[in-house]
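All remarks here apply to the structure that follows.
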Amino acid sequence: MGSWNRGHAPPPTRLPAGEDTCHGVRADDLLCAHSAALLDTVEHQIIPRLMLLHRQHDSQASTSASGAGFSLDSHEVERFTEHVLQGYEQAMQHVIYLQDHGVPAPTLCLDLLAPAARRLGELWSADLCDFTQVTIGLGRLQGLLRSIAERLPPTVQATRLPRSALFAPAPGEQHTLGLSMVRDFFRASGWEVCADEPKAEAGLLALARSHRFDVIGFSIGSDRQTDPLKSLIARLRQEARYPLIVLLGGPLVLSRPELAQALGADAGATDARQALLVADALMTARDTNR
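Residue numbers (UniProt numbering): 1 to 290.
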């Protein structure tokens, strides 16, 4: 591997606040929503997925990292964040360097990439980064996390029939980034996850009739979708003609956990890790009672 530059890059500059706009909407308002969604994805969906995949390495993580002589402290996070802002390749080389020197994937995710995501938010708050820099930087972090996941060896699954799941946005819902991460989380745990994402009610009902899904999950973010989703869940249960577990997640469930049962779902989940745990528990209970 070539030489490794551990020097500091000059701090990025931020555009004047008055020029930070996008199609007439203030950039700081856009960033609040976009950054919050990305940070939630990084910390509560992608990282739990990696930790679930390789929980057998947890006890080895600190030993490997300390044995390699590296401390992923605030200074290391600062250097890595600078590379993230400079470009994807610079950040990827930083990750590869640490991996080559014995730092395991879970440690990289928990002690480097997640703190870097928080650091980007701090740079925005301190007016050291503009809207575009932070948004692109968070996107690069997601790409790095996916790259780490792809390099990991597959886990050994218990012998059982594959469980199947379908995840879709609530009728009229447009935001699907979180759903794609939930799909990855379930796939990593051995579930067969439908790649289709039907946004129309007719398409989803057709899929439920033609395929047998153990779990169908919906993401909901607005009160406007509650009535259509309640109607859709009722139709699903009527037309599926097989035992079906319905899960509900999304921003609205975070603020109103009682909503899941009110809309006819079996349970709600606040993030991908909880969704998987709930789905497994409900599946086990269903199979036990057969």
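Idealized CB from N, CA, C, for every residue including glycine. Everything numeric in this text was worked out from a predicted model, so none of it was measured.
Do you know offhand how far residue i's Cα is from residue j's?
i, j, result
"V84", "A117", "10 Å"
"S147", "G250", "25 Å"
"E122", "L145", "20 Å"
"V77", "S71", "10 Å"
"A260", "D266", "7 Å"
"L128", "F80", "16 Å"
"F167", "A285", "21 Å"
"V278", "F213", "16 Å"
"residue 342", "S219", "Outside the displayed range of the chain (1 to 290) lies residue 342, so it cannot be described from this structure."
"L138", "L110", "15 Å"
"P115", "L108", "10 Å"
"L263", "E197", "21 Å"
"E239", "E82", "53 Å"
"F131", "R183", "28 Å"
"I136", "Q86", "10 Å"
"P104", "M283", "32 Å"
"L207", "A281", "24 Å"
"H75", "R273", "30 Å"
"A234", "F185", "27 Å"
"P169", "G102", "40 Å"
"Y97", "I245", "44 Å"
"V193", "D73", "37 Å"
"A195", "G217", "13 Å"
"R187", "D227", "30 Å"
Going by beta-carbon coordinates alone, are residue i and residue j separated by less than 9 Å?
i, j, result
"S125", "E173", "no"
"A91", "L141", "yes"
"H211", "S255", "no"
"P162", "W191", "yes"
"G268", "L236", "no"
"L276", "S189", "yes"
"L205", "L229", "no"
"G143", "Y88", "yes"
Quick one: using the 10 Å Cβ neighbour count with 16 as the cut-off for buried, is residue i buried or exposed?
i, result
"H94", "buried"
"Q133", "buried"
"D100", "exposed"
"H23", "Unreliable positioning characterises H23 in this predicted model, as indicated by a pLDDT of 38, which lies under 50. A coordinate reading is not provided."
"Q225", "buried"
"P243", "exposed"
"R241", "exposed"
"V215", "buried"
"T288", "exposed"
"D271", "buried"
"A61", "With a pLDDT of 42 at A61, under the threshold of 50, the modelled position of this residue cannot be trusted, and the question is left open."
"E258", "exposed"
"R119", "buried"
"G203", "exposed"
Runs of beta strand (DSSP E) wholly within the UniProt domain "B12-binding" (162-290) (minimum 3 residues, chain order): The beta strand (DSSP E) runs lying completely inside the UniProt domain "B12-binding" (162-290) and spanning 3 residues or more are 164-169, 215-219 and 245-249, given in chain order.
May I have a chain-ordered list of the alpha helix (DSSP H) segments no shorter than 4 residues that lie completely inside the stretch 88-162? Runs of the alpha helix (DSSP H) inside the stretch 88-162: 88-100, 105-108, 114-125 and 131-151.
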